[in-house]
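The structure under discussion appears below in the form of structure tokens.
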Amino acid sequence: MKDYGLDLHCQMILEDYASNLDLYIKLSSIVQKTIKSALRSNTIFVTGVEGRVKTEQSMAGKLELKGAKYHSIEDITDIVGVRVITFYSEDVDKISAIIEKCFNIDWDNSVDKRKMHSLDSFGYMSLHYICRLPKESLTHDEDSRLTDIPFELQMRTALQHVWANMYHDTGYKSGVDVPKELLRNLNRLAGMLELADDEFSRIRTTITDYRRLVKNLVDDGKFDDVQLNTDTFKTYLDLKPFDKINKKIAAINQAEIHNSSMLPYLAILKNLGFQTLGDIDRLITDYGYDAYLLALHEIGGTDIDIISSTVAIQDLCIVWIIENGGSEGDLVKFFNELLGANTYNQQRAKRVMDKAESLSLVKKRIANT
Amino acid sequence: MKVETKKIEDKKFEVFIEGRVDTNSATDFQNEIMKLSDEPGADIQIDCSELAYTSSQGLRVFLMLQKSLNSNGSKMVLKKLQPQVKEVFDITGFSNIITIE
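Quick note, the sequences are listed as chains X and R, same order. So the first sequence is numbered by our numbering: it starts at 410 and just counts up by one. So the second sequence is numbered by our numbering: it starts at 5 and just counts up by one.
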């Protein structure tokens, strides 16, 4: 061990640290695994769970500064530190409640630095718990001393984390050290990040409320009240609105239906002028039979016994374009948007238009226009 | 039915399919073409200019290959399809699932 010039008392603590190092590393790993597993089972997503064991040099520095206040190595509570970084400020509370069930919390030494905010408070702080592993959390082959070692657990938002890291980089240890000229700017920054955290939370709540409203409207069949966008289209697709036509098309050759995503059609439907879920619902009701006729004309007479679940929406769009006065060029444009521009699309548009002529689709176009 | 695979450069393959993929040849076709999923992160170009016909069995094999390639970070593109083969992909909606250039 390197000579740090410590007194005998501190040197003994440092030697205890060195002999326990493997235990600290093991403890950090167990704590991180426990937290990750608890977050997973509570379906809470965080930006990260990270852990560190204090380095020998950092320990020596700490002992040099305040070694006299530690009677033994057990009095140093932050040798093992684990941090949970959340997306949203309210997740800090949610996670703290989960963590309280996982570990024994030393309440006398734990601080909610978030509550220390006052008019003259400094920084943008996080929630710190001093914990120990409960005895029952260890397996038989794990060292029982692991439950005696305290560790520090920090929970903070990503923005609190940014602030803490940037502040750490200034080299000042506490607000008292900071020159007055800098203090104002650091506090301004902390206030701004706190506002940003609140705003992100507000946006999340708004999104959740909006999705709930959309789901209710869709469940109640009030499709005309719902604007077409990714969220609403996904919710609508949960009702499996294209299933009926797909099954009818599949029945032509007793075909299997392969499930594929219909989301690529969203941009196309919007480009075609569909604005609400009501418009899509009418597309299915008003054009469903003709889409089936087109598929019957194409698949009937072949031995094809597999189709993609995108067939219904594909044929509905084709029929809609033709019956609303669309030209071969409009079909090419549709295929280009759907599949990317390529030389096949022109041939395909011509083939589809020829089929439409032989069915009654083109006549319907004349009647519609 | 014949499948020929050429390694153009590292992780880049060119595959040439000739003949008909139907009930009789589908198993051989599957055995040959699924070998392409052995190499992770591969770029596979399939030349279909001499593929005269594919049945639903052929579509299933292409689908199986595509899934397997997606899971190991590879990608596949079908090229130079004859009109009657392209039509099979179109009317089944498979053109939406499989990349055709």
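Here a beta-carbon is modelled for each residue, glycine too, at the ideal position from N, C-alpha and C. From a predicted model like this one, the values you see are computed outputs, not experimental measurements.
Query raised in the report: Applying the criterion that 16 or more other CB atoms from any shown protein chain within 10 Å of the CB defines a buried residue, is Gln-110 of chain R buried or exposed?
Result: Residue 110 of chain R lies beyond the residue range present for chain R, which begins at 5 and ends at 105; the question has no answer from this structure.
Query - Same chain only: Cβ atoms within 7 angstroms of Ile-553 of chain X, ignoring 5 sequence neighbours per side - result: Here residue 553 of chain X is taken as the residue at index 144 of the first sequence, counted from 1. Residue identity check: residue 553 of chain X is Ser in the sequence provided, not Ile. Excluding positions up to five away in sequence, the list reads Leu-547.
Report task. Out of R:Asn-76, R:Ile-101, R:Ile-95, point me to the one whose CA is closest to Ala-758 of chain X's CA. Result -> What you label residue 758 of chain X is simply residue 349 of the first sequence in a count that begins at 1. Nearest Cα to Ala-758 of chain X within the set R:Asn-76, R:Ile-101, R:Ile-95: R:Ile-95.
Report task. Report yes or no: is there a C-beta of chain R within less than 8 angstroms of the C-beta of Tyr-701 of chain X? Result -> On the first sequence, residue 701 of chain X is found 292 positions in, with the first residue counted as 1. Taking a beta-carbon distance threshold of 8 angstroms, Tyr-701 of chain X does not count as an interface residue toward chain R.
Report task. Check distances from the C-beta atoms of the stretch 83–100 of chain R to those of chain X and list, in chain order, the residues that come in under 8 angstroms. Result -> Taking 8 angstroms as the upper bound on Cβ-Cβ separation, chain X lies near residues Leu-85, Pro-87, Lys-90, Glu-91, Val-92, Asp-94, Ile-95, Thr-96, Gly-97, Phe-98, Ser-99, Asn-100 of the stretch 83–100 of chain R.
Query - chain R residues whose Cβ lies nearer than 9 angstroms to that of Arg-760 of chain X - result: Translated into positions along the first sequence, residue 760 of chain X becomes position 351. Result: Pro-87, Glu-91, Asp-94.
**Report entry** Expected contact under 8 angstroms - CB spacing of Asn-451 of chain X and Ile-539 of chain X to nearest Å
**Finding:** Taking the first residue of the first sequence as 1, we reach residue 451 of chain X at position 42. Taking the first residue of the first sequence as 1, we reach residue 539 of chain X at position 130. Not quite, the Cβ-Cβ distance comes to about 23 angstroms (not below 8 angstroms), so this is no contact.
Query raised in the report: Quick one: which chain R residues come within Cβ less than 8 angstroms of Val-712 of chain X?
Result: On the first sequence, position 303 is the one that residue 712 of chain X refers to. The residue asked about is misnamed: residue 712 of chain X is Asp in this sequence, not Val. Within chain R, the residues near Asp-712 of chain X are Ser-59, Ser-60.
Report task. Pick out the complete beta strand (DSSP E) segments inside the stretch 692–778 of chain X, 3 residues or longer, and give them in chain order. Result -> Listed in chain order, they are 715–717.
Query raised in the report: Is any beta-carbon of chain R found at less than 8 angstroms from that of Glu-707 of chain X?
Result: If you number the first sequence from 1, residue 707 of chain X lands on position 298. Glu-707 of chain X counts as touching chain R.
Query raised in the report: So, are the CB atoms of Pro-44 of chain R and Asn-76 of chain R less than 8 angstroms apart?
Result: Locating residue 44 of chain R in the second sequence gives position 40, where the first residue counts as 1. Locating residue 76 of chain R in the second sequence gives position 72, where the first residue counts as 1. Judged by beta-carbon spacing, Asn-76 of chain R lies within the 8 angstroms limit of Pro-44 of chain R, meaning their Cβ atoms are closer than that value.
Query raised in the report: Looking at the structure shown, is Gln-684 of chain X part of a helix, part of a strand, or coil, going by DSSP?
Result: Position 275 of the first sequence, counting from 1, holds the residue named residue 684 of chain X. Three-state DSSP puts Gln-684 of chain X in coil, outside helix and strand.
Query raised in the report: Would Leu-675 of chain X pass as a contact of Thr-639 of chain X if the rule is Cβ separation under 8 angstroms?
Result: As a position in the first sequence, residue 675 of chain X is number 266, starting the count at 1. As a position in the first sequence, residue 639 of chain X is number 230, starting the count at 1. Yes, the Cβ-Cβ distance between Leu-675 of chain X and Thr-639 of chain X is below 8 angstroms.
Query raised in the report: Terminal residues of the continuous beta strand (DSSP E) containing Glu-561 of chain X?
Result: By one-based count along the first sequence, residue 561 of chain X stands at place 152. 560–566 is the extent of the beta strand (DSSP E) around Glu-561 of chain X.
Query raised in the report: DSSP state of Ser-29 of chain R, grouped into three classes?
Result: Within the second sequence, numbered from 1, the residue matching residue 29 of chain R stands at position 25. In this structure, Ser-29 of chain R counts as coil in the three-state DSSP scheme.
Query raised in the report: Taking 8 angstroms as the CB-CB limit, is Val-741 of chain X close to chain R?
Result: What you label residue 741 of chain X is simply residue 332 of the first sequence in a count that begins at 1. It does not: the Cβ of Val-741 of chain X has no partner Cβ on chain R nearer than 8 angstroms.
Query raised in the report: Between Ser-669 of chain X and chain R, is there a C-beta pair that is closer than 8 angstroms?
Result: If you number the first sequence from 1, residue 669 of chain X lands on position 260. Yes, its Cβ sits closer than 8 angstroms to a Cβ of chain R.
Requested in this report: Could you tell me which chain A residues have their CB closer than 7 angstroms to the CB of Val-720 of chain X, listed as they occur along the chain?
Outcome: Absence of chain A from the displayed structure is noted, the protein chains being X and R.
**Report entry** Whole-number beta carbon distance between Ile-658 of chain X and Ile-708 of chain X, since they are thought to touch under 8 angstroms
**Finding:** As a position in the first sequence, residue 708 of chain X is number 299, starting the count at 1. As a position in the first sequence, residue 658 of chain X is number 249, starting the count at 1. Between the beta-carbon of Ile-708 of chain X and that of Ile-658 of chain X there is about 7 angstroms, and that keeps the pair under the 8 angstroms contact cut.
Query raised in the report: Taking the DSSP output, what are the residues bridged to His-667 of chain X?
Result: By 1-based counting over the first sequence, the position of residue 667 of chain X is 258. Note: His-667 of chain X sits in a beta bridge opposite X:Ser-717.
Query - Sub-8 angstroms separation of Val-761 of chain X and Ile-727 of chain X beta-carbons - result: The residue given as residue 761 of chain X occupies position 352 in the first sequence. The residue given as residue 727 of chain X occupies position 318 in the first sequence. With contacts defined as CB atoms closer than 8 angstroms, Val-761 of chain X and Ile-727 of chain X qualify as a contacting pair.
Report task. Taking Asn-680 of chain X as the query, report the chain R residues whose CB atoms sit under 7 angstroms from its CB, ordered along the chain. Result -> Translated into the one-based positions of the first sequence, residue 680 of chain X becomes position 271. Contact annotation for Asn-680 of chain X against chain R: no contact, minimum CB-CB distance about 16 angstroms [criterion: below 7 angstroms].
Query raised in the report: In angstroms, rounded to a whole number, what distance separates the CA positions of Phe-512 of chain X and Arg-461 of chain X?
Result: Within the first sequence, the letter at position 103 stands for residue 512 of chain X. Within the first sequence, the letter at position 52 stands for residue 461 of chain X. When rounded, the distance between both Cα atoms is 18 angstroms.
Query raised in the report: Taking the alpha-carbon positions, what's the Phe-98 of chain R to Asn-751 of chain X distance?
Result: Here residue 98 of chain R refers to the residue found at position 94 of the second sequence. Here residue 751 of chain X refers to the residue found at position 342 of the first sequence. Their Cα atoms are separated by approximately 16 angstroms.
Query raised in the report: For Met-601 of chain X, does the three-state DSSP call read helix, strand or coil?
Result: Working through the first sequence from its first residue, we reach residue 601 of chain X at position 192. Met-601 of chain X falls in the helix class under three-state DSSP.
Query raised in the report: Using the C-alpha atoms, what's the distance from Ser-481 of chain X back to Leu-472 of chain X?
Result: Residue numbering aside, residue 472 of chain X sits at position 63 when the first sequence is read from its first letter. Residue numbering aside, residue 481 of chain X sits at position 72 when the first sequence is read from its first letter. Taking the straight line joining both Cα atoms gives about 11 angstroms.
Query raised in the report: According to the Cβ coordinates, are Leu-604 of chain X and Val-571 of chain X closer than 8 angstroms?
Result: Start at 1 with the first residue of the first sequence, and residue 604 of chain X comes out as number 195. Start at 1 with the first residue of the first sequence, and residue 571 of chain X comes out as number 162. Contact: no.
Requested in this report: With DSSP collapsed to three states, give me the class of Thr-103 of chain R.
Outcome: Locating residue 103 of chain R in the second sequence gives position 99, counting from the first residue. For Thr-103 of chain R, the secondary structure class from DSSP, reduced to helix, strand or coil, is coil.
Query raised in the report: Between which two residues does the alpha helix (DSSP H) harbouring Ile-494 of chain X extend?
Result: Here residue 494 of chain X corresponds to residue number 85 of the first sequence, with the count starting at 1. Membership of Ile-494 of chain X in any alpha helix (DSSP H) is not indicated; the residue belongs instead to the beta strand (DSSP E) covering 489–495.
**Report entry** Check whether Arg-565 of chain X and Ile-654 of chain X have beta carbons under 8 angstroms apart
**Finding:** Counted from its first residue, the first sequence places residue 565 of chain X at position 156. Counted from its first residue, the first sequence places residue 654 of chain X at position 245. Going by beta carbons, Arg-565 of chain X and Ile-654 of chain X fall outside the 8 angstroms limit.
Requested in this report: Taking the CB atoms as reference points, tell me whether Ile-37 of chain R and Val-81 of chain R lie closer together than 8 angstroms.
Outcome: Residue mapping note: residue 37 of chain R aligns to position 33 of the second sequence, counting from 1. Residue mapping note: residue 81 of chain R aligns to position 77 of the second sequence, counting from 1. With respect to Val-81 of chain R, Ile-37 of chain R sits apart: the two C-beta atoms are not nearer than 8 angstroms.
Report task. Rounded to whole angstroms, what's the CA-CA distance from Ser-41 of chain R to Leu-626 of chain X? Just pull it up for me. Result -> Along the second sequence, one-based indexing puts residue 41 of chain R at 37. Along the first sequence, one-based indexing puts residue 626 of chain X at 217. Distance between the alpha carbons of Ser-41 of chain R and Leu-626 of chain X is about 45 angstroms.
Query raised in the report: On the three-state DSSP scale, how would you describe Asp-51 of chain R?
Result: Looking up residue 51 of chain R in the second sequence gives position 47. Asp-51 of chain R: strand per DSSP, three-state reduction.
Query raised in the report: Among all the DSSP beta bridges, which residues are the ones paired with His-537 of chain X?
Result: Position 128 of the first sequence, counted from the first residue, corresponds to residue 537 of chain X. His-537 of chain X pairs with X:Val-520, X:Gln-563.
Report task. Label Glu-13 of chain R either buried or exposed according to how many other C-beta atoms from any shown protein chain fall within 10 Å of its C-beta, with 16 as the threshold for buried. Result -> Counting from 1 along the second sequence, the entry for residue 13 of chain R is found at position 9. Exposed, by the Cβ-count rule.
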